[in-house]
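Working notes for the structure below.
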Amino acid sequence: MLKKDIAHYYADEHVVRIIAGLVVVISTLALIAHAHLAVLFLVIDFALRAFTFQPSPVAALAKLIARALQLQPYPIFAAPKRFAAGLGFGFSLAVFILLSLNLYTAAWLTGGLLIACAVLEAAFRICAGCYIFSWIVAPVMRSIHKKEMKQTQNET
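Quick note, the sequence shown lines up with residues 255 to 410 if you use my numbering.
Written out as structure tokens, the structure reads:
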């Protein structure tokens with residue numbers, strides 16, 4: 255049970271980068287083909303990775319690829335990556351809606367941003383969502399924690 259609990263806090267850097275590469279391929283092909291269902295697949299996949307602890311199809315494939323390449327696990331803190339997956343969910347949902355409304359230029363621009371972020375992660379280990387997490391979410395969480403600590407100290 256401990257191993258499963260730990261898995262909620264850590265991710266494998268190699269798997270994350272392979273996922274990003276797969277997102278680049280799927281997103282690019284989906285935009286070229288105006289493939290609504292492929293984009294919907296990405297929406298669901300990002301939702302699974304960002305909002306649940308259920309395995310996503312892209313993550314499962316990435317784990318198989320990492321195992322086939324015999325990459326040793328490289329654990330990293332998962333919270334920023336889950337936040338980034340939430341941003342990916344938002345972008346892919348926006349692309350799906352824009353494609354559904356036949357707003358192809360807007361879909362390409364939005365999808366292009368998603369693809370650019372995925373390329374940065376896959377090729378250069380630069381996680382745009384992780385930077386946003388560290389600039390916005392982490393400081394807010396620290397501030398809330400400090401307030402709770404002061405309140406707890408005042409009550410005792």
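Beta carbons are placed, not taken as given, at the ideal position from N, Cα and C, and that holds for glycine. Quick caveat, the model's predicted, so the values are computed rather than measured.
query                                                                                                                                                                          : result
Please state if the CB of Ile272 and the CB of Leu296 are separated by a distance shorter than 9 Å.                                                                            : no
To which residues does DSSP link Tyr264 through a beta bridge?                                                                                                                 : Phe331
Please report the straight-line C-alpha distance between Leu256 and His268, rounded to a whole angstrom.                                                                       : Low confidence applies to Leu256: its pLDDT is 37, below 50, so where it sits in the model is not reliable, and the reading given next is rough at best. Approximately 22 Å between the Cα atoms of the pair.
Nearest by alpha-carbon distance to Glu338: which of Ala314, Asn356, Gln308, Ile390 is it?                                                                                     : First, the residue type needs correcting, since residue 338 is Ala and not Glu in the sequence shown. Here the closest residue by C-alpha is Ile390.
Enumerate in chain order the residues of its own chain whose CB-to-CB distance from Ile463 is below 6 Å, with the five nearest sequence positions on each side excluded.       : No answer is possible for residue 463: it lies beyond the span of the chain, which begins at 255 and ends at 410.
Give me, in chain order, the residues of the same chain whose beta-carbon lies closer than 6 Å to that of Ala348; leave out the 5 immediate sequence neighbours on both sides. : Thr364
Tyr358 to Ile286, Cα distance in whole Å?                                                                                                                                      : 10 Å
For His290, which residues from the same chain have a beta carbon less than 7 Å from its beta carbon, with the 5 sequence-adjacent residues on both sides left out?            : Phe350, Leu353, Ser354
With a CB to CB cut of under 7 Å and the five nearest residues on each side skipped, what residues in its chain are close to Val293?                                           : Ala284, Ser346, Val349, Phe350, Leu353
Secondary structure at Leu374, three-state DSSP: helix, strand or coil?                                                                                                        : helix
Is the beta carbon of Val312 less than 9 Å from the beta carbon of Asp299?                                                                                                     : yes
Please determine, among Tyr264, Lys400, Ile398, the residue with the shortest C-alpha to C-alpha distance to Ile330.                                                           : Tyr264
Report yes if the CB atom of Lys335 is closer than 9 Å to the CB atom of Gly275, and no otherwise.                                                                             : no
What alpha helix (DSSP H) runs, 4 residues minimum, are completely inside the stretch 268-325?                                                                                 : 290-305, 311-322
For His399 and Ile380, what's the separation of their Cα atoms in angstroms?                                                                                                   : 28 Å
Under 9 Å between the Cβ atoms of Val270 and Ala316?                                                                                                                           : yes
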